[in-house]
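In full-length UniProt numbering, the protein residues as written are 1 to 332.
The beta-carbon is built from N, C-alpha and C at its ideal position, and this holds for glycine as well.
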């Protein structure tokens, strides 16, 4: 039985002031490519226990970074030590994630991969299960002190142009409670969830692709300068955008995030370009950035040319830079 039907049934049985919520657990996946130039020279300059760190990257609502010890952590000289660190733990709280790291050749093929990270040196017991918990006061990073022996590095395979290329694939478990709100939907109307029911009380309608969306004028005009200029009547019709895309756009305006079902990498990949076009059209810079980040993770040799043209068309500086860097990294 659906939540809506269950709530209706319980209210009909006498629970007139019933509220409800759902606890969800959904995986959110992402990847980060980290290139360390002149790796052997860096290794010579750094001693055992010295580290280098990547920039932060965002997956599943949390910031992460790769920590690399070219000469191994203390006590692991002769190895490359790799760790994934939760970089926003003080801001975004605990996270549970499963991840793996790979060293790539110059074509992007994994040559050495480790997954389901073991505990690092702070805790001596064994790792249990696939997903690891990054928690304040307990552990902010997981990884391998003995990821790979330095002697196993091959100049032709592992160190193209002297660079070591690492990719981290991470799946974060999004675990949270969602408040149930009474639907306003009919066969031709879609409900758009909101963080604040009072702010989201609808006072207008927007028709897109045969679907009518109830909307709140003040929310839309506050977030989008384009809506601020266009929204005059209580009902408007918008062309050139799919209903599903517009629903996601409204969801982002209300909640500052994409719908839950679109945060999964496979689902987002199918709709991310029209989402970015919509964000660009309505000048929703944060939504546009989220879409750019997703597209950066999809760049491949087959798609880089088209993606670069798309980035230039919609003034996506981050995506354009990622495409340019990709071409530079894999040109030979």
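Going by C-alpha distance, which of 42, 76, 99, 68 is nearest residue 53?
Comparing Cα positions, the closest option is 68.
So is residue 90 in contact with chain C if we call contact Cβ pairs under 8 Å?
Protein chain content of the structure displayed is limited to a single chain, and chain C is not contained in it.
State the beta-bridge partners of residue 33 as determined by DSSP.
DSSP lists 167 as partners of residue 33.
Measure the alpha-carbon distance for residue 228 versus residue 218 and round it to whole angstroms.
Computed Cα separation, rounded: 9 Å.
Quick check on the DSSP output: the alpha helix (DSSP H) that includes residue 307 runs from which residue to which?
Per DSSP, residue 307 belongs to the alpha helix (DSSP H) from 304 to 313.
DSSP state of residue 207 mapped onto helix, strand, coil
In this structure, residue 207 counts as strand in the three-state DSSP scheme.
Measure from the alpha carbon of residue 274 to the alpha carbon of each residue in 212, 243, 35, then state which is nearest.
Cα-wise, what sits closest to residue 274 is 243.
Starting from residue 58, trace the beta strand (DSSP E) both ways and give me its first and last residue.
It spans 57 to 59 - the beta strand (DSSP E) in which residue 58 sits, taken as one unbroken run.
Does DSSP put residue 279 in a helix, in a strand, or in coil?
Here DSSP, grouped into helix, strand and coil, assigns residue 279 to helix.
Three-way DSSP call (helix, strand, coil) for residue 274 in this model:
Annotated three-state conformation of residue 274 is helix, per DSSP.
Rounded distance between the beta-carbons of residue 57 and residue 169, thought under 8 Å
The distance from the Cβ of residue 169 to that of residue 57 is about 12 Å, inconsistent with a contact at the 8 Å cut-off.
So does residue 237 have its beta carbon nearer than 7 Å to some heavy atom of the ligand ATP?
Annotation note on the ligand ATP: not contained in the displayed structure, which lists no ligands.
Are there three or more Cβ pairs, one per stretch, closer than 8 Å when the segment 161 to 168 is compared with the segment 34 to 45?
A contact exists between the segment 161 to 168 and the segment 34 to 45.
Among the residues of its own chain, which have a CB less than 8 Å from the CB of residue 324, if the five just before and after it don't count?
Within the same chain, residue 324 has close Cβ partners 308.
7 Å Cβ shell around residue 73 - same chain, five flanking residues per side excluded:
These residues qualify, in order along the chain: 49, 81, 121, 145.
Hey, would you say residue 83 sits closer than 8 Å to residue 30, going by beta carbons?
Contact: no.
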